[in-house]
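> Residue 2 is where the first sequence starts when you use the numbering used here, and the numbers rise one by one after that.
Cβ atoms here follow ideal geometry from the backbone N, Cα and C, with glycine treated the same way.
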Amino acid sequence: MMNEIKYLNPKANAMNEAKALLCNAAAKAFPDKAMPNFVIEIPADNKNGDIATNFALAAAKLFGAPPRNIATALCEELGDLSGTSFSRAEIAGPGFINFFLADKWFCDVVSGVLDAGENYGRTQYGEHKKINVEFVSANPTGPMHLGNARGGALGDCLAAAMDWAGYDVTREFLINDAGNQIIKFGKSLAVRYLQIFKGEDAVALAEDGYQGEDIKTLAKEFADIHGDAYTEKPMDELCRDIVAYALPKNVQGLKDDLAKYRINYDVWFSETTLHESGAIDKVLKTLKDNGATYESEGAVWYKASEYGAEKDEVLVRANGIPTYFAADIAYHYNKFAQRGFDTAIDVWGADHHGHVARMKGAMDAIGLDGSKLDVVLMQLVRLVRDGEPVRMSKRTGKAITLTDLLDEVPIDSARFFFNLREPGSQMEFDLGLAVSQDSDNPVYYVQYAHARICSILKNLAAEGIVLGDADTCNFSLLQEPSERELIRFIAGLPDEIIAAAKNYDPARITRYAVDLATLYHKFYNACRVKDAEPSLCQARLALCTATKTVIANVLGMLKITIPESM
RNA sequence: GUCUUUGUAGCUCAGUUGGAUAGAGCGUCCGCCUCCUAAGCGGAAGGCCAGCAGUUCGAAUCUGCUCAAGGACACCA
Numbered sequence: 002m003m004n005e006i007k008y009l010n011p012k013a014n015a016m017n018e019a020k021a022l023l024c025n026a027a028a029k030a031f032p033d034k035a036m037p038n039f040v041i042e043i044p045a046d047n048k049n050g051d052i053a054t055n056f057a058l059a060a061a062k063l064f065g066a067p068p069r070n071i072a073t074a075l076c077e078e079l080g081d082l083s084g085t086s087f088s089r090a091e092i093a094g095p096g097f098i099n100f101f102l103a104d105k106w107f108c109d110v111v112s113g114v115l116d117a118g119e120n121y122g123r124t125q126y127g128e129h130k131k132i133n134v135e136f137v138s139a140n141p142t143g144p145m146h147l148g149n150a151r152g153g154a155l156g157d158c159l160a161a162a163m164d165w166a167g168y169d170v171t172r173e174f175l176i177n178d179a180g181n182q183i184i185k186f187g188k189s190l191a192v193r194y195l196q197i198f199k200g201e202d203a204v205a206l207a208e209d210g211y212q213g214e215d216i217k218t219l220a221k222e223f224a225d226i227h228g229d230a231y232t233e234k235p236m237d238e239l240c241r242d243i244v245a246y247a248l249p250k251n252v253q254g255l256k257d258d259l260a261k262y263r264i265n266y267d268v269w270f271s272e273t274t275l276h277e278s279g280a281i282d283k284v285l286k287t288l289k290d291n292g293a294t295y296e297s298e299g300a301v302w303y304k305a306s307e308y309g310a311e312k313d314e315v316l317v318r319a320n321g322i323p324t325y326f327a328a329d330i331a332y333h334y335n336k337f338a339q340r341g342f343d344t345a346i347d348v349w350g351a352d353h354h355g356h357v358a359r360m361k362g363a364m365d366a367i368g369l370d371g372s373k374l375d376v377v378l379m380q381l382v383r384l385v386r387d388g389e390p391v392r393m394s395k396r397t398g399k400a401i402t403l404t405d406l407l408d409e410v411p412i413d414s415a416r417f418f419f420n421l422r423e424p425g426s427q428m429e430f431d432l433g434l435a436v437s438q439d440s441d442n443p444v445y446y447v448q449y450a451h452a453r454i455c456s457i458l459k460n461l462a463a464e465g466i467v468l469g470d471a472d473t474c475n476f477s478l479l480q481e482p483s484e485r486e487l488i489r490f491i492a493g494l495p496d497e498i499i500a501a502a503k504n505y506d507p508a509r510i511t512r513y514a515v516d517l518a519t520l521y522h523k524f525y526n527a528c529r530v531k532d533a534e535p536s537l538c539q540a541r542l543a544l545c546t547a548t549k550t551v552i553a554n555v556l557g558m559l560k561i562t563i564p565e566s567m
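(1) Cα separation between G113 and A15?
(2) Among the residues of its own chain, which have a CB less than 6 Å from the CB of N177, if the five just before and after it don't count?
(3) Kindly indicate which residue of V244, G213, Y194 and Q212 has the alpha-carbon position closest to the one of E233.
(4) When you compare the CB positions of A160 and V134, do they come within less than 8 Å of one another, or not?
(5) Measure the alpha-carbon distance for E173 versus T274 and round it to whole angstroms.
(6) For F326, report the span of its alpha helix (DSSP H) as first-last.
(7) Between which two residues does the alpha helix (DSSP H) harbouring S86 extend?
(8) Contact between the region 111-129 and the region 5-15: three or more CB pairs below 8 Å?
(9) Spatial neighbours of V284 within its chain, please: CB distance less than 6 Å, with the 5 preceding and 5 following residues excluded, ordered by chain position.
(10) Using beta-carbon positions only, say whether N554 and Y168 come within less than 8 Å of one another.
(11) So, for L556: in the same chain, excluding its five sequence neighbours on each side, which residues have a beta-carbon less than 8 Å away from its beta-carbon?
(12) Can you find the residues in the same chain that come closer than 8 Å, C-beta to C-beta, to A35, ignoring five residues on each side of it along the sequence?
(13) Which runs of the alpha helix (DSSP H) spanning at least 4 residues fall entirely within the region 352-386, listed in chain order?
(14) Which residues in the same chain have their Cβ closer than 7 Å to the Cβ of Y246, if we skip the five residues on either side of it in sequence?
(15) Which residues in the same chain have their Cβ closer than 6 Å to the Cβ of G398, if we skip the five residues on either side of it in sequence?
(16) Along the chain, where does the beta strand (DSSP E) that runs through E135 open and close?
(17) What residue from F97, D51 and I71 has the CA that sits closest to F87's CA?
(18) Whose C-alpha, out of V315, E311, G341 and D33, is nearest the C-alpha of H129?
(19) Leaving aside the five residues before and after D164 along the sequence, list all residues of the same chain whose C-beta is less than 8 Å from its C-beta, in chain order.
(20) DSSP puts F174 in a beta bridge; with which residues?
(21) Could you tell me the alpha carbon to alpha carbon distance between S372 and L378, rounded to whole angstroms?
(22) Which whole-angstrom value is the C-beta distance of G96 and I71, which I expect to be below 8 Å?
(23) Based on the DSSP output, what are the partners of V348 in its beta bridges?
(24) Taking C-alpha atoms, which residue in Y126, K20 and E77 lies nearest to A501?
(25) Can you tell me the Cα-Cα spacing of E296 and G362, whole angstroms?
(26) Report the rounded CA-to-CA distance for R485 versus A518, giving the unit in angstroms.
(27) How close, in whole Å, do the beta carbons of D506 and E423 come, if the pair is a contact with beta carbons under 8 Å?
(28) Looking at the strands, I want to know which residues DSSP matches up with F419.
(29) List the residues that DSSP assigns as beta-bridge partners of N99.
(30) Put T550 into one of helix, strand or coil per three-state DSSP.
(31) Mind the definition here: the region 473-490 touches the region 522-536 only if three or more C-beta pairs lie below 8 Å; say whether that holds.
(32) CA-CA distance, R123 and T344?
(33) Is the distance from the Cβ of V244 to the Cβ of I183 below 8 Å?
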């Protein structure tokens, strides 16, 4: 449990080393010059080296010299690179300096990955900062829809990426068990209940009521327990009691469905507690004391326009009931001031985008820091089957729910597909493709790579060939282009996870998995493990094992099953 | 109308804080199993990076305008 985790980041280390060498050389070759604003990057084509820099190009104007002359001076100053991660540095094109990684670096990557094992990819980039990731937070008034399915996969994998990047992550679900929609929920249930005894025409469901079949089912269950006892009772009492029956059932349903979807929250936060504890009254008072509110037409308004938002917003309605906005301010006050999160990330549907500026502003207005609240807006999903759009509508009762989706699509597929696109993209979910169990489906493509490796390891083991001590392995035998590319790519995992965390874009991880599988399949076709001479066989065996580790770590992050055979 | 997201191959999308000949998958066409899983690999064809102007050594990327699509502009959440 307390095994010391080894944090590796070979790609970033090599880039930093190149930068240091370069700065050192520049300081000697051009002692009286300031450093230009240059970049160290991985060239698209590795004929241009493993790591490249535009230093000389960027410095041309500053140094008053042609780029190639600067580059030449720098390369002379770099001199002998033995003892570094690089074998040589070359000048190319208009003045790029290209570094080529030495054998030792490739060897270190393979042995490093084997050594780090299931922790390879973890870094301390996040410095254990406390991050709260709140996602899905679906209304407990009905089943979850397709947007929740995307939000769930997105939020859960984002949380995983943050965790791997060294943050202290809390996954959280806000249960909207108070407010207007609960009142509406109660009225809808009550109407369905009364209809059972008085007929459908006797009581009409409000136009904006919940139309779904699930409401009827819950009302029926309530009727089975209590009979017609409530038909003569006041409406208020019926609403209260039927909600008290139905709400916990729905909340449990959400928990069950999400657990099935492999999402387990650390915190289920009840909105009601904010009302009952007086937390809402408290932030309202703070806002008032800070002069951020005013009264108009009987309602209490928040001066959102003075805090970066477009227009003012109602906090307390004329009827005395606080709005969702007021509750949300109290909720985020709780996250920051009471629970001490450094950052709160909220995953919202794009339709909530108007809410972003005023929430951040409200944080400032209660004396907190709005910049600590980050909102990931996610565009809604268009469901497609055979090129035909599949309509989803929560109100018609014919909605495609999360459960419907998972009945049809394997969970591996759903989680993978929703994380294939960045959150802001308007994505299309192709049911046919997600269900297909062939090479069209990228999930199988990645899983197959893992199964393939397992198969090789198994076959070799049957012949008595197993991976020996990594120290005795001669990884410098791995000289084939496909081997080199695979190693280079494996070296990039920690950096990719950091990038996913930094940009709040877990889709990077998914695409990394696909690219990794591609490189492995290429290696598989180009190089044989089994028939290679013993020392090469050992080196390739090590590379396969390292690749297997990386695929397993990545699929594990995404919570996708990792098959040993297919 | 205001705000916001998006526009890259026939289709779905990448493009690493401005870099070298713009990439991948699917689809189309042509190849590769006597051999570790062909659920794989290689090759070909396919592009006015929505358009125009600007910024500079250099733009799909940054700025401005135009066009097109999605979303938001409630005493709903």
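In brief:
(1) A direct Cα-to-Cα measurement between G113 and A15 gives close to 14 Å.
(2) For N177, same chain residues with a beta-carbon under 6 Å away, outside a window of 5 residues either side, are N140 and E272 in chain order.
(3) Per the Cα distances, Y194.
(4) In contact: A160 and V134 (Cβ atoms closer than 8 Å).
(5) If I take the Cα positions, the gap works out to 15 Å.
(6) Where F326 is concerned, the enclosing alpha helix (DSSP H) stretches over Y325 to Y334.
(7) No alpha helix (DSSP H) holds S86; DSSP gives it neither H nor E.
(8) Flag = yes, the region 111-129 and the region 5-15 touch.
(9) Hits under 6 Å: I330, A331, Y334 and I367.
(10) With respect to Y168, N554 sits apart: the two C-beta atoms are not nearer than 8 Å.
(11) Around L556: V447, Q448, H451, A514, T562 and I563.
(12) Closer than 8 Å at the Cβ level, and outside the excluded window around A35, lie L63.
(13) Taking only runs of at least 4 residues, the alpha helix (DSSP H) segments lying wholly in the region 352-386 are 355-366.
(14) Listed in chain order, the non-local C-beta contacts of Y246 below 7 Å within the same chain comprise F223, local neighbours out to five positions each way being set aside.
(15) Its pLDDT being 42, under 50, G398 is placed unreliably by the model, and nothing is read from it.
(16) Per DSSP, the unbroken beta strand (DSSP E) holding E135 starts and ends at K131 to E135.
(17) Scanning F97, D51 and I71 for the CA closest to the CA of F87 turns up D51.
(18) Of the candidates V315, E311, G341 and D33, the one whose C-alpha sits nearest the C-alpha of H129 is G341.
(19) Within its own chain, the residues whose Cβ lies closer than 8 Å to the Cβ of D164, once the five positions on either side in sequence are excluded, are V170, listed in chain order.
(20) Its beta-bridge partners are W269.
(21) Spanning the two alpha carbons is a distance of roughly 16 Å.
(22) That pair is a contact at about 7 Å.
(23) V377.
(24) Restricting attention to Y126, K20 and E77, the CA atom closest to the CA of A501 is found in Y126.
(25) E296 and G362 have their C-alpha atoms roughly 19 Å apart.
(26) So the two alpha carbons sit approximately 15 Å from each other.
(27) Taking the Cβ atoms as the reference, D506 lies roughly 5 Å from E423, within the contact range of under 8 Å.
(28) DSSP output for F419 lists no bridge partner at all.
(29) Answer is A53 and E91.
(30) Of the three classes helix, strand and coil, the one that applies to T550 here is helix, per DSSP.
(31) As far as the Cβ criterion goes, the region 473-490 touches the region 522-536, which means the pair count is three or higher.
(32) Their backbone Cα atoms lie some 20 Å apart in a straight line.
(33) Yes.
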